[in-house]
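Structure, as structure tokens:
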Amino acid sequence: MNTTFKDKIARAPKTELHIHIEGSLEPGLIFALAQRNGVTLPYASVDALHAAYAFTDLQSFLDIYYAGASVLLTEEDFYEMTAAYVERALEDHVVHTELFFDPQTHTARGVSIETVVDGIERALDDAEGRGLSSRLILCFLRHLSEDDALATFDAALPLFKRYPHRLIGVGLDSSELGHPPSKFARVFDKARAMGLKLVAHAGEEGPPAYVYEALDVLKVDRIDHGVRSIEDAALVERLARERMPLTVCPLSNLKLRVFDDLKQHTLKRLLDAGAAVTINSDDPAYFGGYVNDNFFATVDALGLSDADVHAVLRNGFEAAFVGAAQRDAMIARLDAYWHAA
Ligand code: ADE
Ligand code: ZN
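Each residue of the sequence shown is one higher than the last, beginning at 3 in my numbering.
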């Protein structure tokens with residue numbers, strides 16, 4: 003990619019629709035919080051922790067990711083983690099972001115869900131004044147039971163009321179294989195009845211059947227990842243026909259060995275088939291890059307054209323959970339930038 007194209011992409015106004023806020027915790031901050039909170043980590047140093055980031059699959063990552071999140075105890079910790087992500091997002095010209103958080107990772111350690119959401123919300127509220135709008139999506143850990151998810155949802159009800167402008171949806175993450183979307187049908191029914199937005203990780207390591215379940219049982223508004231959909235031609239056709247957004251995270255897929263080489267990534271084939279593909283970072287502190295790095299690596303590996311990148315950026319704004327006026331304004335800003343740059 004030449005430097006002009008790279009610069010055009012770097013400075014483009016963009017969304018980020020698939021970022022786990024706990025996955026933005028950099029090793030340096032993990033150690034600083036561990037020291038402040040008196041938490042002992044199973045790693046001797048920042049370098050030793052970083053050296054452990056040699057993942058073989060999703061589970062090998064999740065084990066370390068949950069260990070990293072164990073340093074988060076106070077509202078200030080959640081604030082600082084989120085404020086650090088906000089700085090990186092602004093550097094990458096993100097103008098709208100939708101963050102996932104995993105309350106069960108924290109409530110299981112005795113941290114209240116209010117502490118988690120209050121800290122994240124305070125940092126996102128500060129970011130509004132700096133040109134970054136945002137939404138927050140509560141994710142259920144799929145390796146736990148649906149009863150645990152239902153209890154978490156009930157505990158979060160006051161927060162959905164307190165922060166209706168921010169906390170607008172629920173999602174499903176963690177270990178995919180063996181935990182199909184249908185396991186969470188009841189809790190998604192409750193969330194849908196409340197008018198919340200619905201998303202689910204599906205087709206990351208799991209088969210196309212899990213994507214069908216996310217669509218037909220959970221009735222999601224977006225699919226997170228969805229890259230294995232390519233194995234089912236009828237599914238790809240449906241995703242394209244319904245313009246069902248896919249929040250794709252190329253460096254994550256590479257680091258978790260969904261693909262051995264980024265050149266094998268299915269993003270371009272999905273895009274060419276008409277799917278509403280977006281590019282995101284997933285867990286940027288663990289996978290070697292924030293959203294712009296994901297764009298650069300993907301453009302290089304798959305030879306995305308100027309029109310391809312514009313389409314991906316536009317898809318992000320179209321898939322964002324915002325009102326029509328904000329969406330139209332953001333798309334107009336992107337288009338003006340793209341055609342002038
Ligand atoms: N939690 C954080 N990152 C995740 C991913 N890529 N897949 C599933 N759960 C996650
Ligand atoms: Zn994810």
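By construction, the Cβ of each residue, glycine as well, lies at the ideal position given by its N, Cα and C atoms.
Closest by CA to residue i, which one among the options?
{"i": "Leu353", "options": "Arg194, Leu35, Phe142", "result": "The requested residue 353 does not occur in the structure, where the chain is confined to residues 3 to 343."}
{"i": "His52", "options": "Ala36, Glu28, Asp218, Val73", "result": "Glu28"}
{"i": "Ser184", "options": "Arg144, Met196, Ala153, Glu207", "result": "Arg144"}
{"i": "Val250", "options": "Asp302, Asp191, Asn317, Ala216", "result": "Asn317"}
{"i": "Ser254", "options": "Phe57, Val48, Phe33, Ser47", "result": "Phe57"}
{"i": "Thr76", "options": "Gly40, His98, Val293", "result": "Gly40"}
{"i": "His95", "options": "Ala287, Pro160, Met332", "result": "Met332"}
{"i": "Phe80", "options": "Glu89, Tyr55, Asp120", "result": "Asp120"}
{"i": "Glu206", "options": "Asp218, Val222, Arg224, Val229", "result": "Val229"}
{"i": "Ser147", "options": "Val189, Ile115, Glu130", "result": "Val189"}
{"i": "Arg38", "options": "Gly180, Ala242, Glu82, Ile21", "result": "Glu82"}
{"i": "Asp218", "options": "Ala187, Val48, Tyr68", "result": "Ala187"}
{"i": "Thr17", "options": "Lys199, Ala287, Ser283, Asp308", "result": "Ser283"}
{"i": "Ser177", "options": "Ser136, Glu89, Leu258, Thr268", "result": "Leu258"}
{"i": "Ala71", "options": "Val88, Arg137, Ala34, Asp59", "result": "Ala34"}
{"i": "Tyr288", "options": "Tyr45, Pro44, Phe7, Tyr55", "result": "Tyr55"}
{"i": "Gly290", "options": "Ile281, Leu256, Leu306", "result": "Leu256"}
{"i": "Ala204", "options": "Ala193, Ala299, Asp223, Arg194", "result": "Asp223"}
{"i": "Ala86", "options": "Gly208, Ile11, Ile32", "result": "Ile32"}
{"i": "Ala236", "options": "Ala211, Phe297, Asp310", "result": "Ala211"}
{"i": "Val314", "options": "Leu19, Thr6, Tyr45, Pro160", "result": "Leu19"}
{"i": "Ala151", "options": "Thr42, Asp49, Thr109, Asn296", "result": "Thr109"}
{"i": "Thr42", "options": "Thr280, His22, Ala69, Ile21", "result": "Ala69"}
{"i": "Ala91", "options": "Ile23, Leu220, Leu74, Gln106", "result": "Ile23"}
Less than 7 angstroms between the CB of residue i and some heavy atom of ligand 1, yes or no?
{"i": "Ser114", "result": "no"}
{"i": "Leu27", "result": "no"}
{"i": "Ser254", "result": "yes"}
{"i": "Glu178", "result": "yes"}
{"i": "Leu60", "result": "yes"}
{"i": "Leu87", "result": "For the sequence presented, residue 87 should be read as Tyr rather than Leu. No, ligand 1 has no heavy atom inside 7 angstroms of this Cβ."}
{"i": "Tyr67", "result": "yes"}
{"i": "Glu215", "result": "no"}
{"i": "Leu18", "result": "One detail in the question is off: residue 18 reads as Glu in this sequence, not Leu. Every heavy atom of ligand 1 is 7 angstroms or more from the Cβ of Glu18, so no."}
{"i": "Glu206", "result": "yes"}
Per DSSP, what are the beta-bridge partners of residue i in this structure?
{"i": "Cys251", "result": "BP columns for Cys251 are empty, so no partner."}
{"i": "His227", "result": "Ala204"}
{"i": "Leu140", "result": "Phe103, Val172"}
{"i": "His181", "result": "For His181, which the question treats as bridged, DSSP gives no partner whatsoever."}
{"i": "Thr280", "result": "Thr249"}
{"i": "Pro17", "result": "A small fix is needed here, since residue 17 is Thr in this sequence, not Pro. Bridge partners of Thr17: His98."}
{"i": "His22", "result": "Phe102"}
{"i": "Lys199", "result": "Gly171"}
Review point. Using the beta carbon as the reference atom, which residues fall closer than 6 angstroms to any heavy atom of ligand 2, ordered along the chain?
Key: His20, His22, Asp175, His203, Asp226, Asp284
**Study point:** alpha helix (DSSP H) runs contained entirely in the stretch 102-136, provided each spans 4 or more residues
**Key:** Whole alpha helix (DSSP H) segments, 4+ residues: 105-109, 115-130.
Exercise for review: Starting from the N-terminal side, write out each stretch of the alpha helix (DSSP H) that is 4 residues or longer and does not extend beyond the stretch 30-101.
Suggested key: 48-53, 60-71, 77-93
Practice item. Scan the stretch 276-325 and note each continuous beta strand (DSSP E) run of 3 residues or more that stays entirely inside, going in chain order. Key: Within the stretch 276-325, the complete beta strand (DSSP E) segments of 3 residues or longer fall at 278-281, listed in chain order.
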